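Q: Quick one: the structure is below, questions incoming.
Protein chains: 2
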Amino acid sequence: MTPTLRMDAHQVEPGADTIDLLGLVAQFELQSFARLAADSAAAPDLEQRLRLSRLAAAAVTRRDRVLGRIAELGGDPLQAVAQFDGVLDDFDARTAPSSWWERLLTTYVGYGVADDFCRIAAAGLDAESRELVVELLRDSEHAELAVAALGAAGSDDEVLVSRLALWGRRLVGEALGVVQALLVSRPGLVRLVEQGSAEADASAKLFGELTAQHTRRMGRLGLTA
Amino acid sequence: MTPTLRMDAHQVEPGADTIDLLGLVAQFELQSFARLAADSAAAPDLEQRLRLSRLAAAAVTRRDRVLGRIAELGGDPLQAVAQFDGVLDDFDARTAPSSWWERLLTTYVGYGVADDFCRIAAAGLDAESRELVVELLRDSEHAELAVAALGAAGSDDEVLVSRLALWGRRLVGEALGVVQALLVSRPGLVRLVEQGSAEADASAKLFGELTAQHTRRMGRLGLTA
């Protein structure tokens with residue numbers, strides 16, 4: 000093996016793997032738009048309806064910035080997104096929420112895991128793409144809304160709190176299943192995770208990191224993960 | 000009657016009637032967001048899905064600019080919008096589309112009438128509010144998308160063309176019913192329509208104008224109104 004073949008995690012040339020990950024981020028943002036719009040329509044009061052519609056609109060802006068980056072890199076934005084069509088269909092089918100609170104938690108946990116995974120894999124991207132993904136996924140407005148609403152609802156309702164803790168465990172299991180399926184079907188994503196990490200068995204450690212972030216996220220709600 | 004009481008259509012002071020109309024415009028934009036988001040989720044291909052999500056996001060921006068104007072005028076934005084909650088419930092219940100084409104036409108015709116009505120009533124507003132409403136409602140991107148998609152679909156399908164012409168007649172009947180119900184329940188909207196017009200029986204002529212615009216709109220699709 001010649002030294003020039005060695006990949007420096009922070010100097011990789013954008014290639015097919017990069018387009019794949021950016022396509023996945025854009026697909027998640029497209030799904031996020033649809034989900035937040037549906038959440039807005041189902042919201043119990045006008046103020047939350049307005050806030051959720053703004054978050055949905057922000058997901059459109061984020062998605063279009065990622066599509067712009069794909070085009071800059073010479074990729075086909077539509078194709079890059081389309082290859083991940085239906086990536087959340089199983090997750091959605093298995094986690095149909097039965098109440099407003101479950102719906103809010105589903106978005107919070109589901110996109111929490113998706114964002115964490117994309118951020119971790121983005122460590123293997125070229126600097127400009129990596130910074131774009133990290134900047135876009137830093138948005139925490141939905142988390143704040145979920146924490147405020149779920150915290151207030153749970154503060155005097157022990158039954159709700161234990162139901163939501165149970166729901167959260169089911170959600171994270173399904174979300175980690177989505178990541179698992181992606182890694183199996185997309186070796187490019189595995190390469191990015193490995194390239195972005197200083198550690199030898201980065202993929203193995205990925206699930207530990209995703210679970211730790213989920214525990215922290217549930218902790219913000221006062222819920223046991 | 001003293002001369003100072005005489006209203007000049009283009010110099011009226013913003014008051015409760017103004018807040019009402021701006022609240023209605025904002026409510027229509029909120030509904031428009033939800034409808035376009037649902038249309039995006041139902042779109043037959045990714046490109047239309049992306050375009051419709053952008054139009055949904057643009058409706059959020061428009062709505063928030065109207066809410067900002069309501070606040071500037073000393074009104075309560077949430078209250079102004081909330082008073083028109085459910086304004087399209089009857090319309091939606093009676094016009095559930097049974098195909099993608101009917102869905103596209105429903106949004107095109109329904110919001111065409113709503114926008115025309117708001118534009119006509121806005122002639123009775125103070126200059127700044129009027130210009131804002133006219134500027135916001137000039138957006139014709141959805142019309143272009145509908146005209147391109149429906150035109151292409153109908154070009155070699157005579158059965159579809161006659162079904163859509165029929166659907167359009169049903170839609171405009173329901174949409175004019177919404178306007179009629181609004182005028183009966185909201186005398187402030189009648190005052191704005193009268194103030195904005197040079198003619199004595201402006202409300203009576205309103206429906207002629209709305210119908211003429213609808214006919215022109217259907218004509219762009221090559222459909223008989």
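Respectively, the protein sequence lines represent chains Y and P.
Residue 107 in numbering that gives the first Met the number 0 sits at position 108 of the first sequence; the count goes up by one each step and never skips.
Residue 223 in numbering that gives the first Met the number 0 sits at position 224 of the second sequence; the count goes up by one each step and never skips.
Note that beta-carbon positions come from the ideal geometry of N, C-alpha and C, so glycine has one too.
These numbers were taken from a predicted model, which means no experiment stands behind them.
Answer with yes or no whether the minimum CB distance from ALA33/P to chain Y is below 7 Å.
A: True, the Cβ-Cβ gap to chain Y drops below 7 Å.
Q: Should ALA113/Y be flagged as near chain P, meaning a C-beta pair shorter than 7 Å?
A: So no, ALA113/Y is outside the interface.
Q: Under 8 Å, CB to CB, which of the residues in the segment 30-56 of chain Y have a partner in chain P?
A: Here the close residues are PHE32, ALA33, ALA36, ALA37, SER39, ALA40, LEU45, GLU46, ARG48, LEU49, SER52, ARG53, ALA55, ALA56.
Q: Is ARG50/Y closer than 7 Å to LEU181/Y when the C-beta atoms are compared?
A: Their beta carbons are not under 7 Å apart, which means LEU181/Y does not touch ARG50/Y by this criterion.
Q: For LEU205/Y, name the three-state secondary structure that DSSP assigns.
A: Helix at LEU205/Y.
Q: Where does PRO96/Y sit, in a helix, a strand or coil, going by DSSP?
A: Residue state, collapsed to three classes: coil.
Q: Can you find a C-beta in chain P that's less than 7 Å from the C-beta of LEU23/Y?
A: No, its Cβ sits nowhere closer than 7 Å to a Cβ of chain P.
Q: Could you list which residues in chain P have their beta carbon closer than 8 Å to that of VAL59/Y, in chain order?
A: Ordered by position in chain P, the residues that pass the 8 Å Cβ test against VAL59/Y are SER52, ARG53, ALA55, ALA56.
Q: Below 9 Å on C-beta distance, what does LEU135/Y contact in chain P?
A: The premise fails here: LEU135/Y is roughly 15 Å from chain P at the closest Cβ pair, so nothing lies under 9 Å.
Q: For the alpha helix (DSSP H) containing VAL133/P, list its first residue and its last residue.
A: Per DSSP, VAL133/P belongs to the alpha helix (DSSP H) from 126-135.
Q: Output, in chain order, the set of chain Y residues within a Cβ distance shorter than 7 Å of ALA312/P.
A: Here chain P has residues from 0 to 224 only, and residue 312/P is not among them.
Q: Short of 8 Å Cβ to Cβ, which residues in the segment 75-105 of chain P face chain Y?
A: The residues in question are LEU77, VAL80, ALA81, ASP84.
Q: Between the alpha carbons of SER98/P and LEU205/P, how many angstroms are there, rounded?
A: Their backbone Cα atoms lie some 31 Å apart in a straight line.
Q: Buried or exposed: VAL158/P, going by 16 or more other Cβ atoms within 10 Å of its Cβ?
A: By the 10 Å Cβ count, VAL158/P comes out exposed.
Q: When the cut-off is 7 Å and only beta carbons count, does GLN10/Y lie next to chain P?
A: With a pLDDT of only 47 at GLN10/Y, under the threshold of 50, the placement of this residue in the model should not be trusted; the figure read from the coordinates follows. No, GLN10/Y does not count as interfacial toward chain P.
Q: Compare the C-beta of ILE18/Y with all C-beta atoms of chain P and state if any pair is closer than 7 Å.
A: Not closer than 7 Å to any Cβ of chain P, the Cβ of ILE18/Y fails to qualify, so no.
Q: Which two residues bound the contiguous alpha helix (DSSP H) that contains LEU72/Y?
A: First-last for LEU72/Y: undefined, no H or E at that position.
Q: When the distance is taken between beta carbons, is THR214/P closer than 7 Å to ALA224/P?
A: Yes; because the gap between Cβ atoms is below 7 Å, this pair is in contact.
Q: At which residues does the alpha helix (DSSP H) containing GLU173/P begin and terminate?
A: That run of the alpha helix (DSSP H) goes 157-184.
Q: If distances are taken between C-alpha atoms only, which option among GLU127/Y, LEU45/Y, VAL192/Y, GLY109/Y comes closest to ASP75/P?
A: Comparing Cα-Cα distances from ASP75/P to each of GLU127/Y, LEU45/Y, VAL192/Y, GLY109/Y, the minimum goes to LEU45/Y.
Q: Looking at C-alpha atoms only, which residue of LEU103/P, ALA56/P, ARG61/P is the closest neighbour of ALA151/P?
A: Residue LEU103/P is the option with its Cα nearest to ALA151/P.
Q: Among residues of its own chain, excluding the 5 on either side of THR3/P, which ones have a beta-carbon nearer than 8 Å to its beta-carbon?
A: Here the model assigns THR3/P a pLDDT of 43, short of 50, so the residue's position is not dependable and the matter cannot be decided.
Q: If you drop the 5 nearest sequence neighbours on each side, which residues of the same chain put their C-beta closer than 7 Å to that of SER39/Y?
A: Contacts found: ARG48, LEU51, SER52, ALA55.
Q: Between VAL112/P and the ligand NAD, is there a pair consisting of the residue's CB and a ligand heavy atom that are separated by less than 6 Å?
A: Looking at this structure, you won't find the ligand NAD or any other ligand, since it has none at all.
Q: If I measure Cβ to Cβ from LEU35/Y and keep anything under 8 Å in the same chain, skipping five residues before and after, which residues do I get?
A: The residues are LEU51, SER52, LEU54, ALA55, ALA58, THR106, HIS141.
Q: Return the first residue and the last residue of the alpha helix (DSSP H) that GLY22/Y is part of.
A: Segment 15-41, the alpha helix (DSSP H) holding GLY22/Y.
Q: Which class does LEU4/P belong to by DSSP, given the choice of helix, strand or coil?
A: Low local confidence applies: a pLDDT of 42 at LEU4/P is under 50, so the model's placement there is unreliable, and no value is given.
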